Amino acid sequence: MPAIYASAPGKIILCGEHAVVYGQPAIALPVVQVQTKTTILAKPTSAGGQVRIIAPSIELDTLLEELQPDHPLSAAISLVNQSLGVKSMPACEILIKTTIPIAAGLGSSASVTVSLVRALSQFLGHLLPDDTVNKIAYEVEKIHHGTPSGIDNTVVTYQTPVFFRKDNPIERLIIQNGFTLLIVDSGTSSATVKTVSEVRARRDQDPDKYEQLFKQIGEITLQVYQSLCFGDLTTDGELLTQNHQLLQKIGVSTPLLDDLVRTALRAGAAGAKLSGGGGGGNMIALVSSDRIMPVSEALTAAGAKGIIVTGISSSRIGMK
Ligand code: PMV
28 MPAIYASAPG KIILCGEHAV VYGQPAIALP VVQVQTKTTI LAKPTSAGGQ
78 VRIIAPSIEL DTLLEELQPD HPLSAAISLV NQSLGVKSMP ACEILIKTTI
128 PIAAGLGSSA SVTVSLVRAL SQFLGHLLPD DTVNKIAYEV EKIHHGTPSG
178 IDNTVVTYQT PVFFRKDNPI ERLIIQNGFT LLIVDSGTSS ATVKTVSEVR
228 ARRDQDPDKY EQLFKQIGEI TLQVYQSLCF GDLTTDGELL TQNHQLLQKI
278 GVSTPLLDDL VRTALRAGAA GAKLSGGGGG GNMIALVSSD RIMPVSEALT
328 AAGAKGIIVT GISSSRIGMK
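Going by this note's numbering, the first residue of the sequence shown is number 28, and it counts up by one from there.
Printed below as a string of structure tokens:
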């Protein structure tokens, strides 16, 4: 049997993070410049039907039976087996390789799960439909992130820009004019589970203030949504920068992220904000094509550790 493999992209949140956990809308985009690839090789001669899992990015090389049932990889495998009614796994070697940095807001956990679920279900003879892949990935995201909104697994599963609102049907985004985003690594990692639970604690202390801030973020997201559909870079940029200011108010920015946002704006970005959980991780800058170089250079001089240039093309064709 030849090796089976499946890939999944990373993702970035354009706007609406944190507020999305409380029912407000958010917009996320797939990032194909970073990927996870899971390869599964049958090992029919292996003793006792063993399943070996190798994931170099987390320095894991172990047998499935040695993982706790609530380990995200073990949970993902069990959920695939349950969905397909598989009682015992055939012996195999599962290799999970990702170029997505961990705890950087680029969706590494969702990407790993989606690629694993797709490769495994194919290996077991029944490629699961996207909706089931998404449901499984959401369950595993809960293990990683506590109370996630579900946006990461959704954008990674469907690999298309999404306008997302918890417990609502997925809306694929139709983008009128493409745009360029710089995804900027601040060089400090941050666990989303931590910032999400800290925001929850602060909201519980002062629900009115936080509900108001979440609502304002939701309104900005709706405006970005409309603006993306009409393709106005200046308006989009200003809205993203306003979103950053609200994220500062809910306490998830850092001096370094603020500095990178200011640097991007000074160098001519149309807008900039932190992206994802905050407390470190990535920020994004919306730029016109002639500002890619100057903004990137200014950010690097200000301490950015890596920049991904990602283009979102016009998507009027082929969308549902
Ligand atoms: O995975 P991250 O760091 O991009 O953050 C996800 C976005 C949050 O809104 C902070 C959490 C969530 O589950 O939506």
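Think of the CB as a built atom: it goes at the ideal place given N, C-alpha and C, for glycine as much as any other residue. Just so you know, these numbers come straight off a predicted model, no measurement behind them.
Kindly indicate which residue of 123, 205, 32 has the alpha-carbon position closest to the one of residue 338. For this step, residue 338 is matched to residue 311 along the sequence shown. Nearest C-alpha to residue 338: 205.
Grab me the residues of residue 347's own chain with a C-beta within less than 6 Å of its C-beta, minus the 5 sequence neighbours each way, in chain order. Residue mapping note: residue 347 aligns to position 320 of the sequence shown, counting from 1. Because residue 347 carries a pLDDT of 32, less than 50, the predicted location of this residue cannot be relied on, and no value is offered for it.
Going by the CB atoms, is the gap between residue 311 and residue 39 shorter than 9 Å? Residue mapping note: residue 39 aligns to position 12 of the sequence shown, counting from 1. Residue mapping note: residue 311 aligns to position 284 of the sequence shown, counting from 1. A contact, by the Cβ cut-off of 9 Å.
Take the Cβ of residue 332 as the centre, count every other Cβ of all protein chains shown within 10 Å, and call the residue buried at 16 or more, exposed below. In the sequence shown, the residue the question calls residue 332 occupies position 305. It counts as exposed.
Are the Cβ atoms of residue 180 and residue 151 separated by less than 9 Å? Walking along the sequence shown from the start, residue 180 turns up at place 153. Walking along the sequence shown from the start, residue 151 turns up at place 124. Contact check for residue 180 against residue 151 fails: the beta carbons are separated by 9 Å or more.
Cβ separation of residue 173 and residue 220, assumed to be a contact under 8 Å, to the nearest whole Å: The residue given as residue 173 occupies position 146 in the sequence shown. The residue given as residue 220 occupies position 193 in the sequence shown. Contact between residue 173 and residue 220 is confirmed by a C-beta separation of about 5 Å, below the 8 Å threshold.
Return the chain-ordered list of same chain residues with a C-beta closer than 8 Å to the C-beta of residue 54, the five sequence neighbours on each side being excluded. Counted from its first residue, the sequence shown places residue 54 at position 27. Excluding sequence neighbours, residue 54 sits near 40, 41, 42, 43, 188, 189, 190, 191, 200, 248, 251, 252, 255.
What is the rounded straight-line gap between the Cα of residue 24 and the Cα of residue 164? Absent from the structure is residue 24, since the part of the chain shown begins at 28 and ends at 347.
Check residue 157 in the structure and name its three-state DSSP category. In the sequence shown, the residue the question calls residue 157 occupies position 130. It is helical.
Given residue 303, which residues of its chain have a CB within under 7 Å of its CB, disregarding the five upstream and five downstream residues? As a working mapping, residue 303 is identified with position 276 in the sequence shown. The residues are 40, 44, 132, 219, 309.
Which one or two residues does DSSP pair with residue 181 in a beta bridge? As a position in the sequence shown, residue 181 is number 154, starting the count at 1. None, per the DSSP bridge assignment.
Euclidean distance between Cα positions of residue 118 and residue 106: Taking the sequence shown and counting its residues from 1, one reaches residue 118 at position 91. Taking the sequence shown and counting its residues from 1, one reaches residue 106 at position 79. If you take the alpha carbons of residue 118 and residue 106, they lie about 18 Å apart.
Nearest-angstrom Cα distance between residue 335 and residue 210? For the purposes of this step, residue 335 is taken as the residue at position 308 of the sequence shown. For the purposes of this step, residue 210 is taken as the residue at position 183 of the sequence shown. Approximately 5 Å, taken between the alpha carbons.
With respect to 8 Å, is the separation between the Cβ of residue 176 and the closest non-hydrogen atom of ligand 1 below this value? In the sequence shown, the residue the question calls residue 176 occupies position 149. Yes; taking the cut-off as 8 Å, the Cβ of residue 176 has a heavy atom of ligand 1 nearer than that.
Hey, quick one: how far does the alpha helix (DSSP H) through residue 264 stretch, first residue to last? Within the sequence shown, residue 264 is the residue found at index 237, counting from 1. 260-276 is the span of the alpha helix (DSSP H), which, as asked, contains residue 264.
Could you please give me the residues that DSSP links to residue 310 through a beta bridge? By 1-based counting over the sequence shown, the position of residue 310 is 283. Residue 310 is bridged to 211, 301.
Is the Cβ-Cβ distance between residue 57 and residue 186 less than 9 Å? The residue you call residue 57 lines up with position 30 of the sequence shown. The residue you call residue 186 lines up with position 159 of the sequence shown. Between residue 57 and residue 186, the C-beta gap is smaller than 9 Å, which places the two residues in contact.
Could you check how far apart the C-beta atoms of residue 78 and residue 123 are, in whole angstroms? I think they sit under 8 Å. The residue given as residue 78 occupies position 51 in the sequence shown. The residue given as residue 123 occupies position 96 in the sequence shown. So it is not a contact: roughly 13 Å between Cβ atoms.
Look at residue 178 and residue 279 and say whether their C-beta atoms are less than 9 Å apart. Here residue 178 is taken as the residue at index 151 of the sequence shown, counted from 1. Here residue 279 is taken as the residue at index 252 of the sequence shown, counted from 1. Result no, Cβ atoms of residue 178 and residue 279 do not sit closer than 9 Å.
Assign residue 34 to one of three DSSP states: helix, strand, or coil. The sequence position of residue 34 within the sequence shown is 7, counting from 1. Residue 34 falls in the strand class under three-state DSSP.
Output the distance between the C-alpha atoms of residue 212 and residue 229, rounded to the nearest integer angstrom. As a first step, residue 212 is located in the sequence shown; it is residue number 185 there, counting from the start. As a first step, residue 229 is located in the sequence shown; it is residue number 202 there, counting from the start. When rounded, the distance between both Cα atoms is 26 Å.
DSSP-derived helix/strand/coil call for residue 287: Within the sequence shown, numbered from 1, the residue matching residue 287 stands at position 260. Residue 287: helix per DSSP, three-state reduction.
Give a yes or no on whether the C-beta atoms belonging to residue 65 and residue 147 are separated by under 9 Å. In the sequence shown, counting from the first residue as 1, residue 65 sits at position 38. In the sequence shown, counting from the first residue as 1, residue 147 sits at position 120. Closer than 9 Å, so yes.
Segments of 4+ residues assigned as alpha helix (DSSP H) that fall wholly inside the region 188-244: 219-232
Return yes when the Cβ of residue 226 is within less than 9 Å of the Cβ of residue 237, no when it is not. Walking along the sequence shown from the start, residue 237 turns up at place 210. Walking along the sequence shown from the start, residue 226 turns up at place 199. Closer than 9 Å, so yes.
Alpha-carbon spacing of residue 267 relative to residue 76, whole angstroms: Here residue 267 corresponds to residue number 240 of the sequence shown, with the count starting at 1. Here residue 76 corresponds to residue number 49 of the sequence shown, with the count starting at 1. Between residue 267 and residue 76, the C-alpha separation is close to 52 Å.
Return the chain-ordered list of same chain residues with a C-beta closer than 7 Å to the C-beta of residue 126, the five sequence neighbours on each side being excluded. In the sequence shown, the residue the question calls residue 126 occupies position 99. Correct list, in chain order: 61, 62.
Whole angstroms is fine: what's the gap from residue 325's alpha carbon to residue 260's? Indexing the sequence shown from 1 puts residue 325 at position 298. Indexing the sequence shown from 1 puts residue 260 at position 233. If you take the alpha carbons of residue 325 and residue 260, they lie about 20 Å apart.
Going by Cα to Cα distance, which pick from 99, 301, 168, 315 is closest to residue 273? If you number the sequence shown from 1, residue 273 lands on position 246. Comparing Cα-Cα distances from residue 273 to each of 99, 301, 168, 315, the minimum goes to 301.
Following the continuous alpha helix (DSSP H) through residue 99, name the residue where it begins and the one where it ends. As a working mapping, residue 99 is identified with position 72 in the sequence shown. Its alpha helix (DSSP H) spans residues 99-111.
Going by DSSP, what residues sit across from residue 317 in a beta bridge? The residue labelled residue 317 in the question sits at position 290 within the sequence shown. Note: residue 317 sits in no beta bridge, so no partner.
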